[in-house]
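Numbering (this note's numbering), first residue to last: 1 to 151.
Glycine included, every Cβ here is placed at the ideal spot set by N, Cα and C.
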């Protein structure tokens, strides 16, 4: 019994800090008209939209502007990075111009063309040699067959 009397004494004389009521005039929490999805949409769709529309202060809605940050905002993490990278324009991702001069590029182009031509000629010569060898073997085989028939 003693414990209950102590509890009532504490409740009666307990210090309660002063409570402040904040009033800003207009409640902007439900101003945005977003598409509701899933269960919330099903639960909240009871036909009360007409009542909600009546309570919205249209003048306050027109006057309301979302605050914009005056500094570069970096919020949240992405793929384990502690901070998001600052945004870059797509045009900034273009290829960096070459540091070579026009003459150097033309010289490289000419050297590449000469190399390709030499490679093509060598391949054609190798093909011609292989064809000549095939023809020689075929002629030799035909001669051998003719000689075998004669004897």
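Segment limits, alpha helix (DSSP H) that includes residue i
i: residue 88; result: Looking at the DSSP string, residue 88 is not in any alpha helix (DSSP H), and its letter there is neither H nor E.
i: residue 58; result: 58–63
i: residue 124; result: 102–150
C-beta contact flag for residue i and residue j at 8 Å
i: residue 60; j: residue 26; result: yes
Sequence-distant residues of its chain with Cβ nearer than 6 Å to residue i (five each side left out)
i: residue 150; result: none
Same chain only: Cβ atoms within 8 Å of residue i, ignoring 5 sequence neighbours per side
i: residue 112; result: none
i: residue 98; result: 105
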